[in-house]
Amino acid sequence: MDYLLAENLSCIRGSNTVFKNLSFKVSRGQILHITGANGSGKTSLLRMIAGFIYPSEGKIIPEKNYTHKDIHFVGQKYALKKKFIRRKKFITVVLSLSKKN
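The numbering of the sequence shown is the working numbering, which starts it at 435 and goes up by one.
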């Protein structure tokens, strides 16, 4: 079973669709890297994964032993080479850094 499964997630705020029909799966020990322009929904997605907000549509299905303590968040990084970033901001989510047997 996947550690975290997201199916057809949508985030709608008023008349603004932030993102729609986003699906992905994360296995235990895998790293999920999220990039995008300002306002593209990176923080909203993280809040959904953490359980702070609910998706407008779709669902997040965690593994049986999943806890929110397994989520680690690294915010925006401006210290990386400008050539690499090209003014883009990124957010990295690390889910369950250690693999369990």
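We put the beta carbon where it would ideally sit given N, CA and C, even for glycine.
- Within the DSSP secondary-structure output, Ser444 pairs in a beta bridge with Glu491.
- Taking 8 angstroms as the cut-off, the beta carbon of Glu441 is found closer than this to the beta carbon of Ser457.
- Burial of Ile483 is indicated by the presence of at least 16 other C-beta atoms within 10 angstroms of its C-beta.
- Taken through DSSP and simplified to helix, strand or coil, Lys459 comes out as strand.
- Buried is the label assigned to Lys476, since at least 16 other Cβ atoms lie within 10 Å of its Cβ.
- Its chain contains Lys459, Ile495 as the residues whose beta carbon lies nearer than 6 angstroms to that of Leu439, once the 5 sequence neighbours on both sides are disregarded; these appear in chain order.
- In the three-state scheme derived from DSSP, where H, G and I count as helix and E and B as strand, Lys498 is classed as coil.
- When only Cα atoms are considered, Asn455 and Lys493 end up about 10 angstroms apart.
- No Cβ-Cβ contact shorter than 8 angstroms links Glu491 with Tyr437.
- Contact between Ile468 and Leu479 holds: CB atoms are separated by about 6 angstroms, below the 8 angstroms threshold.
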